[in-house]
Amino acid sequence: MVIFLLSSFTIAFLLYYSYIPTYGHLTKKFGNVTILVGWVNEPALVGDLNNVLIEIQKGSGKGISPVLNAFSNLSASVKYGTLTKNLDLLPSETTDGSYEGKLIPTRIGAYSIVLKGDVQGQKINGEIQLDAVEGKQGISFPDTSPADANTNNALVSKVEGTLSQLSNELQDAQDNIGQLGKNLQNVQNSINSINQSADRTYMISVTAIGVGLAGIIIAGFSLSRKTKI
1 MVIFLLSSFT IAFLLYYSYI PTYGHLTKKF GNVTILVGWV NEPALVGDLN
51 NVLIEIQKGS GKGISPVLNA FSNLSASVKY GTLTKNLDLL PSETTDGSYE
101 GKLIPTRIGA YSIVLKGDVQ GQKINGEIQL DAVEGKQGIS FPDTSPADAN
151 TNNALVSKVE GTLSQLSNEL QDAQDNIGQL GKNLQNVQNS INSINQSADR
201 TYMISVTAIG VGLAGIIIAG FSLSRKTKI
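Numbering (our numbering), first residue to last: 1 to 229.
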């Protein structure tokens with residue numbers, strides 16, 4: 001009987017904890033550089049201020065050491081779907097080789113960190129997944145009223161619409177800047193062509209004047225000889 005109760009308790013314990021989501025920081029190696037990323041506050045909840053944590057170390061085994069000033073030649077951005085945002089990272093005040101960037105995740109789902117550049121000569125170009133951002137329903141108390149839920153849904157829709165509009169406006173601005181650069185290059189090419197034409201015209205004019213002067217001198221010399229004769 002006791003063994004049966006213990007077995008039942010063990011099974012119930014395992015079943016209970018099998019449904020508890022696990023959180024943690026993920027690591028990825030680039031040559032001899034190891035990069036760890038994760039949320040400072042876990043689980044990350046939609047709409048709450050959080051920090052993205054990035055730890056960078058170099059070496060292996062007992063020779064591993066934190067990398068200071070790791071982002072001098074390295075950039076980091078957070079990615080959600082097709083949207084990306086640069087992260088403003090600051091060194092940790094307590095841990096060497098650790099950097100944090102503030103972020104308020106506004107949508108539920110998967111986020112990742114995109115890294116490009118190099119760390120002390122080691123090329124870095126990759127993407128590391130963050131733990132998914134979750135909603136607050138499971139830990140909110142008391143439950144929101146229907147009116148509150150409608151207000152929250154409207155607010156979320158408004159925020160998503162604003163983000164999409166900003167993304168489109170940013171893309172349009174980038175396209176306009178690219179077109180402006182092409183127009184400036186065309187103007188520069190036209191100016192260079194005019195300068196080259198002007199230089200050729202000037203040389204032709206100088207040559208013609210020189211030839212004319214030479215002709216006058218030769219004619220004068222010929223006339224003077226005839227007069228003497």
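Here a beta-carbon is modelled for each residue, glycine too, at the ideal position from N, C-alpha and C. All values derive from a computational prediction rather than experimental measurement.
Distance between L74 and D118, taken at the CA atoms: about 6 Å.
In the three-state scheme derived from DSSP, where H, G and I count as helix and E and B as strand, K136 is classed as coil. Looking at the backbone, the Cα of S92 and that of G126 are separated by about 23 Å. Residue state for E169 is assigned as helix, using DSSP reduced to three classes. In the three-state reduction of the DSSP assignment, T34 falls in the strand class, which pools E and B. Note that the stretch 23 to 30 touches the stretch 120 to 140; at least 3 beta-carbon pairs, one per stretch, sit closer than 8 Å. Take the alpha-carbon of R107 and the one of N32: they are about 35 Å apart. For T84, the enclosing beta strand (DSSP E) starts and ends at L83 to N86.
Contact between the stretch 39 to 48 and the stretch 58 to 69 is not established, with fewer than three Cβ pairs separated by less than 8 Å. Rounded to whole angstroms, the separation of the alpha carbons of I113 and G61 is 25 Å. Contact check for D88 against G101 passes: the beta carbons are separated by less than 8 Å. Within the same chain, and ignoring the five residues on either side of L163 in sequence, the residues whose Cβ sits closer than 8 Å to its Cβ are L83 and T106. Annotation for K79: the continuous beta strand (DSSP E) segment containing it runs L74 to Y80. Rounded to the nearest whole angstrom, the C-alpha separation of I194 and Q174 is 31 Å. It is roughly 25 Å from the alpha-carbon of K158 to the alpha-carbon of V52. Here I54 is buried: its Cβ has 16 or more other Cβ atoms, across all protein chains shown, within 10 Å. I35 and I56 do touch by the CB rule: their CB atoms are close to 5 Å apart, below 8 Å. Per the coordinates, the alpha-carbon of D131 lies some 54 Å from the alpha-carbon of S190. The three-state secondary structure of Y111, taken from DSSP, is coil. As DSSP reads the structure, K102 sits in a beta bridge with N51. In this structure, the CA atom of Q120 is about 16 Å from the CA atom of Y99. Per DSSP, N125 is one residue of the beta strand (DSSP E) stretching across Q122 to Q129. Taking N50 as reference, the option from N183, E134, Q185 and G81 with the minimal CA-CA separation is E134. Per the DSSP secondary-structure output, P66 pairs in a beta bridge with Q57.
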